[in-house]
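Chemist: Numbering-wise (my numbering), the sequence shown opens with residue 0 and increments by one.
Built from N, CA and C at the ideal position, the CB exists for glycine as well.
Got a structure for you, written out below as structure tokens; questions coming shortly.
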Amino acid sequence: MYNDAVQINLQYAERKYHWAQEFFRPDEALRHVETLFRDIKRVESELANLNSIAQ
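Next comes the structure, spelled out in structure tokens:
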């Protein structure tokens, strides 16, 4: 899944939105997800910005 997320099959210049966080323990993943989605308004704003760029 990590290789798919970072688009390992593409040349680096061709990859878009290919960042992925590695985790080694479940508590690391939970802390990361909690931090990312704690401020839902910020998440919605960032998604709206990405959506407008993609169009």
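DSSP three-state call for I7: helix, strand or coil?
Modeler: Here the question's residue 7 lines up with position 8 in the sequence shown. Coil.
Chemist: Measuring only the C-alpha atoms, how far is K15 from S44?
Modeler: Within the sequence shown, numbered from 1, the residue matching residue 15 stands at position 16. Within the sequence shown, numbered from 1, the residue matching residue 44 stands at position 45. Answer to the nearest angstrom: the Cα atoms are 19 Å apart.
Chemist: When you compare only the Cα positions, how much space is there between E93 and Q20?
Modeler: Residue 93 lies beyond the stretch modelled for the chain, which goes from 0 to 54, so this question has no answer here.
Chemist: Quick check: what's the CA-CA separation for L35 versus D26?
Modeler: For this step, residue 35 is matched to residue 36 along the sequence shown. For this step, residue 26 is matched to residue 27 along the sequence shown. So the two alpha carbons sit approximately 14 Å from each other.
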